[in-house]
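If you're matching positions, the sequence shown starts at 0 in numbering that gives the first Met the number 0 and goes up one per residue.
We put the CB at the ideal spot given by N, CA and C, even for glycine.
Computed from a prediction, not measured in an experiment: that's the story for all the values here.
The structure appears right after this line, and notes come after that.
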Amino acid sequence: MDSSELDAWWREVVGEDVAYWVRPTQFDADRQLHVRCLTPAWSTQLKLLGQAMTARLNAAYPELAVAGIITATSPLRILVLGPPQWPHHELLITSLETAWHDVVQLYGPFSSLVCVHALHGRLGTEVACWTRFSGLSAEGHAPDWDTCRPDCPTNDPEHRGQRADRTTFCRSAGGRLNQQMIDLGADMVLALIPPDPASARRLAADLQYARAAQIPLWEVHTPDDHRVRDQAAS
Ligand SMILES: [Zn+2]
0 MDSSELDAWW
10 REVVGEDVAY
20 WVRPTQFDAD
30 RQLHVRCLTP
40 AWSTQLKLLG
50 QAMTARLNAA
60 YPELAVAGII
70 TATSPLRILV
80 LGPPQWPHHE
90 LLITSLETAW
100 HDVVQLYGPF
110 SSLVCVHALH
120 GRLGTEVACW
130 TRFSGLSAEG
140 HAPDWDTCRP
150 DCPTNDPEHR
160 GQRADRTTFC
170 RSAGGRLNQQ
180 MIDLGADMVL
190 ALIPPDPASA
200 RRLAADLQYA
210 RAAQIPLWEV
220 HTPDDHRVRD
230 QAAS
C-alpha cells in the first residue's frame, strides 16, 4: 500500500479531525500500522484507544487484518524556503516568530518544533542563529554542489559553475535542495518570496511541489514588491 492510499484509507475510517493530529506513516510486514502523533496528548490518546481503533479499522477493511497500532510523537517541522540572500532581516525574524506562534496556537504549547532550512547563504545563517537563540531545534541541509543528476543539462557548457579555486559545481544543486527538503516532510512551509522575478519563478515551482504534498504554505513578500502590494490593495 503506498502512502497516499494509506492516508486516504486512514482518513475515511478515523475521520478528518483525528487524521489531522494523527497521521499514518507505514503499514509494516507484521501488519502493524505506524502512526505519527503531532502532540504527546494525542499519542497518549491513541495508546488508550489503540485496541478500539484497531477493531474499527478491521471492521471497515477486514482484508487488511491490522494487528495493532504503533504510535510515535514527532516534532512539528517548519520548513523555511527562500533565496540564499534574503534582503530583509527584520521581516525574516518577524516571520519566524509569527510562524512559531501560529504553530503553538494550532498544536498546543507541548509540541516540539524543528526548524528545517538550507545551510547556504545569509538566509541559512540567519535562520540557524534565530533558531539557536530561541531555544528550538534546527535541521540544516547543505546542497550537494559536486554531483550532477541525470536531469541536469550536462550538454550546456555553462551548467557547471566555476569557483575561484577552479573547482566546479552544479548550478541546479541549490534549487534541487528545496524539493529534497520538502520530500523529508513538513507541517508548514514558510516561503520568503524573492524580490527578483526570475528567482521568484524558480521558488514558485518548489512551492507548487509543496502544495502537491499538501503542506500548508505561508508566503512572505518583501515590502518593495509593488506587484503584490498593488494586487492586495485592489
Ligand atoms: Zn548539475
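Straight-line CA distance for residue i to residue j?
| i | j | result |
| --- | --- | --- |
| Gln44 | Asp182 | 28 Å |
| Glu15 | Ala197 | 38 Å |
| Leu5 | Val126 | 34 Å |
| Ser171 | Tyr60 | 45 Å |
| Gly81 | Ala190 | 6 Å |
| Pro39 | Glu138 | 21 Å |
| Ala164 | Cys147 | First, the amino acid is wrong: residue 164 is Asp here, not Ala. Near 19 Å, if we compare the C-alpha coordinates of Cys147 and Asp164. |
| Val219 | Leu91 | 9 Å |
| Pro23 | Gly184 | 13 Å |
| Leu32 | Ile69 | 6 Å |
| Thr153 | Arg121 | 29 Å |
Please classify residue i: does DSSP put it in a helix, a strand, or coil?
| i | result |
| --- | --- |
| Ser133 | coil |
| Gly81 | coil |
| Gly123 | helix |
| Met0 | coil |
| Thr221 | coil |
| Pro61 | helix |
| Ile181 | helix |
| Pro39 | helix |
Can you tell me whether residue i is buried or exposed? The criterion is at least 16 other CB atoms within 10 Å of its CB, across all chains shown.
| i | result |
| --- | --- |
| Met187 | buried |
| Arg76 | buried |
| Pro193 | buried |
| Gly67 | exposed |
| Gly123 | buried |
| Met180 | buried |
| Ser2 | exposed |
Could you please give the first and the last residue of the uninterrupted beta strand (DSSP E) stretch that includes residue i?
| i | result |
| --- | --- |
| Ala163 | Ala163 -> no beta strand (DSSP E), and no H or E assigned at all. |
| Ala190 | Met187 to Leu191 |
| Arg148 | From DSSP, Arg148 is part of no beta strand (DSSP E); its letter is neither H nor E. |
Using C-beta distances below 6 Å, list every residue in its chain close to residue i, excluding the 5 sequence neighbours before and after it, in chain order.
| i | result |
| --- | --- |
| Pro215 | Met187 |
| Gln230 | With a pLDDT of only 49 at Gln230, under the threshold of 50, the placement of this residue in the model should not be trusted; the figure read from the coordinates follows. Cβ within range, chain order: n/a, list empty. |
Who are the Cβ neighbours of residue i in its own chain at under 7 Å, not counting the five residues just before and after it?
| i | result |
| --- | --- |
| Ser73 | Arg35 |
| Arg201 | Gly174 |
| Arg210 | Leu216 |
| Phe26 | Met0, Leu5 and Leu32 |
| Asp195 | none |
Kindly indicate the opening and closing residues of the alpha helix (DSSP H) around residue i.
| i | result |
| --- | --- |
| Arg200 | Pro196 to Ala211 |
| Ala18 | Glu15 to Trp20 |
Chain D beta carbons: is any one of them nearer than 8 Å to that of residue i?
| i | result |
| --- | --- |
| Met0 | Of the protein chains in the structure, only one exists, and it is not chain D. |
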